[in-house]
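The structure under discussion appears below in the form of C-alpha cells.
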Ligand SMILES: NC(=O)c1ccc[n+]([C@@H]2O[C@H](COP(=O)([O-])OP(=O)(O)OC[C@H]3O[C@@H](n4cnc5c(N)ncnc54)[C@H](O)[C@@H]3O)[C@@H](O)[C@H]2O)c1
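In my numbering, the protein residues as written are 1 to 413.
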C-alpha cells in the first residue's frame, strides 16, 4: 500500500473547491487534505462545511500560510491562491521542506522567478506547476506521436488561451483576475497552452525559449461588457487579442494567443507541426505523411494538384493513445475531463518518492516568465525581449530525464 501523502491547501476559492472534489475521489490512492488556509475566514468555513457534508475529519485551519507550511501535519502544499501570491508562498514552502504544487498563472517579474529557482536549488525541495493540460488526452497523444517520430522534425507550434471571460467586467462579478486585465496588457495566462508545447519541444532539456515579441490589439470586449452591466465607461489596458511569437534555441517558432474578452468558443489553439505531419486542435484532426489521405486531383484546366486530408483525431486513439490515457480512460474521475486527477497524482507521487516532479522549477519559471516578458515587449512597441535561461546553462547538457509513468519528457509505459 502506497504511503499516504498529507496535503495542505492554501487559497480556498473556486479552484480549491474543484481540486477538493477531485481529491475526494482520489482518497483510495492515499492522498489526504489535512490542513487548509485562507486569509478570508468565510472561505475556511465554506470548506469545513464541505468536509462535514462528506463526513471527513476537519482539517487544521489557518489564516496565515506561514503557520501552515511549518506544520508537521503536511508533506506538501497546493497553492490555488490568486496570481500574485503563488510564487512567494511556494518559495517559503520549499524553505520549510514542503513540496509546493503551484496553480497556473503568470509571473509579475522575472525577479520573483529567480527567487523560486534559487529556493528549489538551495533547499533541494521541489515545486511543480499543477498544469493539468499537460495531462490532456490529445496533448499527451501529440507527445506520443512526436516522440515516435511521426511528425518528423518539429518546425512550428501554436498555442493559446482563448476563452470568453468578459463577464468578469460586470458590476456584480468583479474578481482579482479582472484587476489584472484592467491594469496590465500582456499574455496573462500562458501555461495551459505553452505547457504541453514546451514539453513536446523539450524546452529546458536540450532546447530553450530564447526571445519573444508580443503585440496587443485594441481592447473593446471588457469595456463593452462593463457598459452593458451599468458600470459606465471603463477603459481596460488589456488588448482583446495578444499575440506572442517565441523563438527557440533549436530554431522552432511558437505563436501564442491570449484572448479572454471577445465572444467565441473555448480553445487552446494547439498546433504542432513538423516536416512530416501536423496536429491542429481546432480541426480535431492530424495530417501525417503515409497515414493520412493524400491524392492527386485535376483542376478545371486539367492540371494535377495534390490534396491532403485530415485524419480525425479519434481514429488514432486506438493505436496512439498515450499509455496514461490507455489506462485512465477506463475510470475517468475528477475535474476538467480527468486532467486534474492526473496532475494531482503526478505531484503526489513525486512527493511520496521525494523525486523530481514531471514539471520542475525550470519549467515553471520559463512558462510563467512569458507573462511579464510579453508585457515588456508590448510596452516597448513589440520589441524583441530576451527570455532568461533559468537553468543557467543546464539545458544544453542532457539533464537526467524525468522518467516514470507521469513523465512528460518521454513516453513511459
Ligand atoms: N488549472 C486550472 O484548470 C485552473 C482553473 C481555475 C483556476 N485556476 C487557478 O487557481 C488559482 C485560484 O483561482 P480561483 O478562481 O479559485 O481564485 P479565487 O480568487 O476564487 O480564490 C483565491 C483564494 O485565495 C485566497 N488567498 C489569496 N491570497 C492568499 C494568501 N496569501 N494566503 C491564503 N489565501 C489567500 C483568497 O482569499 C481566495 O479565497 C488561480 O491561480 C487560477 O489561475 C486553475
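Glycine is no exception: its CB is placed at the ideal position from the N, C-alpha and C atoms.
Asked: Contact belief for residue 161 with residue 106 at Cβ below 8 Å, rounded distance in angstroms; Found: About 10 Å separates the two Cβ atoms, so there is no contact after all.
Asked: 8 Å Cβ cutoff met for residue 80 and residue 164; Found: no
Asked: Buried versus exposed, by CB contacts within 10 Å (16 or more), residue 308; Found: exposed
Asked: Bridge-paired residues (DSSP) for residue 273; Found: 156, 278
Asked: Distance between residue 171 and residue 229 (C-alpha atoms, nearest Å); Found: 6 Å
Asked: Residue 150: CB within 7 Å of a non-hydrogen atom of ligand 1; Found: no
Asked: Closest by C-alpha distance to residue 198, when choosing among 395, 400, 413, 41; Found: 395
Asked: For residue 376 and residue 232, the rounded distance between their alpha carbons; Found: 30 Å
Asked: Counterpart residues of residue 287 in DSSP-defined beta bridges; Found: 278
Asked: Whether residue 63 touches residue 344 by CB criterion (8 Å); Found: no
Asked: As assigned by DSSP and simplified to three states, the class of residue 244; Found: strand
Asked: Residue from 261, 45, 240, 342 with nearest C-alpha to residue 29; Found: 342
Asked: C-alpha distance - residue 112 paired with residue 176, whole-angstrom precision; Found: 20 Å
Asked: Runs of beta strand (DSSP E) wholly within the region 81-152 (minimum 3 residues, chain order); Found: 99-102, 127-129
Asked: Residue span of the alpha helix (DSSP H) that contains residue 265, given as start and end; Found: From DSSP, residue 265 is part of no alpha helix (DSSP H); its letter is neither H nor E.
Asked: Beta-carbon proximity of residue 101 to residue 78, cut-off 8 Å; Found: yes
Asked: Bridge partner(s) assigned by DSSP for residue 8; Found: 35, 77
Asked: Segment limits, alpha helix (DSSP H) that includes residue 61; Found: Here residue 61 belongs to no alpha helix (DSSP H); instead the beta strand (DSSP E) covers 60-62.
Asked: Residue 6 versus 303, 74, 266, residue with shortest Cα-Cα distance; Found: 74
Asked: Simplified DSSP assignment, three categories, for residue 40; Found: coil
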